[in-house]
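Positions 854 to 1207 (our numbering) are the ones given, in order, by the sequence shown.
All C-beta atoms, glycine included, are put in the ideal place defined by N, C-alpha and C.
One structure below.
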Amino acid sequence: MDKYNRPPNFFWPVILIGAGAILLLSNMGIVDLEFFDLINLIQLWPLLLIAIGINFLFGQRVSWLGSLLSLGLGLAVVAFFLLAPGYIEPFSSADMITESFADPLAGAESARVSLDFDSGTLKVFPLTDSNNLVEVDVTHDQDLTFNASGSARRNISLNLDNELSIGFIGFFEDQQIVGEVGLHPGLPIELSVDVGGGSAELDLTGLDMTDLQVSSGSGSIKLTYPESSLPVDLSAGSGSINVQTSAGSELELEAEVGSGRIRVEIAEGVYGEVELQSGSGGITVYLPEGTAVRVDGTTGSGSVRVPGDFVRVSGSDRISGDSGAWESPGFDDADQQLVIEFSIGSGSFKLVYQ
């Protein structure tokens, strides 16, 4: 067949259009991509080679069949990457083990806790009815180290070194790694968490936290704020950040994502300062009606949506993006004020009453 009379091949156009549409819907908050586990999807990359091979073998030979086949294969690949992550079970090649550690209070007056968890899910929560400063349970198949030192000021570190191995056909091996860390609520604690490609679920309710820093490469961060005042610094490369505050908390929160979404739920009586940044992804803040709040920021390409009773005090609509400041009724006269500053490259900011 002459190259100028070949049937149209829809395979790559459909994949590119589908990928762009999925990312756009994610940035708009219509499609939730938090459940994507890229490591598990990468394990199935040979399926993409099979689809490409079928497309080359049959897709350019018979006119009507080639066009139909290339279109069907392209749609199948897009549907797979959208729907499969929630159903794929990780490949496992090594036996999982569970290790447990504990460090007693033994006169400790404060503690600095460092958790380095390269993959899997890390859960942090307050201990109940325990005489230990920290209790750890980790199910894994990697190198794990736990160290405790100091007397009045304890230094605790947990390090999980996840080494991805490549098999004969190139499958990445990932395991259902889970770490559970309980902290004593009776003494001041500085907490540093690095979850790399994993996810962090931090319930700090009732804990006496003095500082919190959490970073993630491609995973999600879910944080329940303690009742006390606490400086918090959260950062995620290509993941999501979800923060739930406790009633009456004084916020000193900074959260930044490279390509992902930020969601913050404001409880009753919450005040303080919040700084939110997103390179490409939306930011949504939920708050009770009657909260004295001021929002100030800009979007590169996206809109700003605030409740109808807010007053715009600066800025104006632009052809692309939006910027300015908005205040709730009676903000200037309120005893406790919440100030939210935001910056978004590509995506929208939403402030919504709960």
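Exercise for the section: Starting from residue 965, follow the beta strand (DSSP E) in both directions and report where the run begins and ends. Expected result: First-last of the beta strand (DSSP E) with residue 965: 963-970.
Handout entry: Closest by C-alpha distance to residue 1194, when choosing among 1129, 1181, 1184
Key = The shortest Cα separation from residue 1194 among 1129, 1181, 1184 belongs to 1129.
Practice task
Taking only the alpha-carbon atoms, compute the straight-line gap between residue 1087 and residue 1180 and give it to the nearest angstrom.
Solution key: Cα to Cα, residue 1087 sits roughly 25 Å from residue 1180.
Practice task
Please go through the same chain and pick out, in chain order, the residues whose beta-carbon is closer than 8 Å to the beta-carbon of residue 1190, but skip the five residues on each side of it.
Solution key: Same-chain partners within the cutoff: 1124, 1145, 1146, 1147, 1184.
Handout entry: Helix, strand or coil at residue 1178 [DSSP, three-state]
Key = Correct three-state label for residue 1178: strand.
Practice task
State the CB to CB distance for the pair residue 1080 and residue 1063, rounded to an integer number of angstroms; the pair is presumed to be in contact (CB under 8 Å).
Solution key: Actually they do not touch by this definition, with Cβ atoms about 14 Å apart.
Problem - Distance, residue 1084 Cα to residue 1065 Cα - result: When rounded, the separation of the alpha-carbon atoms in residue 1065 and residue 1084 is 6 Å.
Practice task
Say whether the segment 1091-1105 touches the segment 1156-1165, bearing in mind that this needs 3 or more beta-carbon pairs closer than 8 Å, one atom from each stretch.
Solution key: No, because fewer than three Cβ pairs between the segment 1091-1105 and the segment 1156-1165 fall closer than 8 Å, the two stretches do not touch.
Exercise for the section: Use the C-beta contact count for residue 1216: other C-beta atoms within 10 angstroms, 16 or more gives buried, fewer gives exposed. Expected result: It is not possible to answer for residue 1216, since the shown part of the chain is limited to 854 through 1207.
Handout entry: Distance CB(residue 1106)-CB(residue 1127) smaller than 8 Å
Key = In this structure, residue 1127 lies closer than 8 Å to residue 1106 by Cβ.
Practice task
Evaluate residue 1205 with the Cβ neighbour count: other Cβ atoms within 10 Å of its Cβ, from every protein chain shown; 16 or more gives buried, anything less gives exposed.
Solution key: When all chains shown are included, residue 1205 counts as exposed.
Problem - 8 Å Cβ cutoff, residue 1078 in contact with chain D - result: Absent here is chain D; the protein component of the structure consists of one chain.
Problem - According to DSSP, residues forming a beta bridge with residue 993 - result: Note: residue 993 sits in a beta bridge opposite 950.
Handout entry: Range of the contiguous beta strand (DSSP E) that encloses residue 1048
Key = Judged by DSSP secondary structure, residue 1048 falls outside any beta strand (DSSP E); it is assigned neither H nor E.
Problem - Identity of the residues DSSP links to residue 987 by a beta bridge - result: Residue 987 is bridged by DSSP to 956, 1036.
Practice task
Measure the alpha-carbon distance for residue 932 versus residue 956 and round it to whole angstroms.
Solution key: Whole-angstrom Cα-Cα distance: 48 Å.
Handout entry: CB-CB length for residue 1135 against residue 1200, believed under 8 Å
Key = That pair is a contact at about 4 Å.
Practice task
For residue 932, name the three-state secondary structure that DSSP assigns.
Solution key: Three-state DSSP puts residue 932 in a helix.
Problem - Whole-angstrom distance between residue 980 and residue 950, CA atom to CA atom - result: Straight across, the Cα-Cα distance linking residue 950 with residue 980 is about 23 Å.
Exercise for the section: Would you kindly report the start and end of the unbroken beta strand (DSSP E) that includes residue 1141? Expected result: Note, residue 1141: premise wrong, no beta strand (DSSP E); not H, not E.
Problem - Nonlocal neighbours in the same chain, by C-beta distance under 8 Å from residue 984, ignoring five residues either side - result: Once the five neighbours on either side are set aside, the close Cβ partners of residue 984 are 957, 958.
Exercise for the section: Quick one: grab the DSSP three-state call for residue 1122. Expected result: Residue 1122 sits in coil when the DSSP states are folded into three classes, being neither helix nor strand.
Practice task
Below 7 Å CB to CB, which residues in the same chain sit around residue 1070 once its five sequence neighbours on both sides are set aside?
Solution key: Here the set comprises 1049, 1050, 1090.
Handout entry: Three-state secondary structure (DSSP) of residue 1184
Key = The three-state secondary structure of residue 1184, taken from DSSP, is helix.
Practice task
State the CB to CB distance for the pair residue 975 and residue 1046, rounded to an integer number of angstroms; the pair is presumed to be in contact (CB under 8 Å).
Solution key: About 7 Å; that satisfies the 8 Å criterion.
Problem - Alpha-carbon to alpha-carbon, residue 1060 and residue 1102 - result: Distance between residue 1102 and residue 1060, taken at the CA atoms: about 13 Å.
Handout entry: Nearest candidate by alpha-carbon position, reference residue 1132, set 1142, 1143, 989, 1153
Key = Per the Cα distances, 1153.
Practice task
May I have the straight-line CA-CA distance separating residue 969 from residue 1149, to the nearest angstrom?
Solution key: Annotation: residue 969 to residue 1149 spans about 34 Å, alpha carbon to alpha carbon.
Exercise for the section: Count the other CB atoms, across all protein chains shown, that sit within 10 Å of the CB of residue 1055; report buried if there are 16 or more and exposed otherwise. Expected result: So residue 1055 ends up on the buried side.
Handout entry: Backbone secondary structure at residue 1129 - three-state DSSP
Key = Residue state, collapsed to three classes: strand.
Handout entry: Span of the beta strand (DSSP E), counted from its first residue to its last, around residue 981
Key = From DSSP, residue 981 is part of no beta strand (DSSP E); its letter is neither H nor E.
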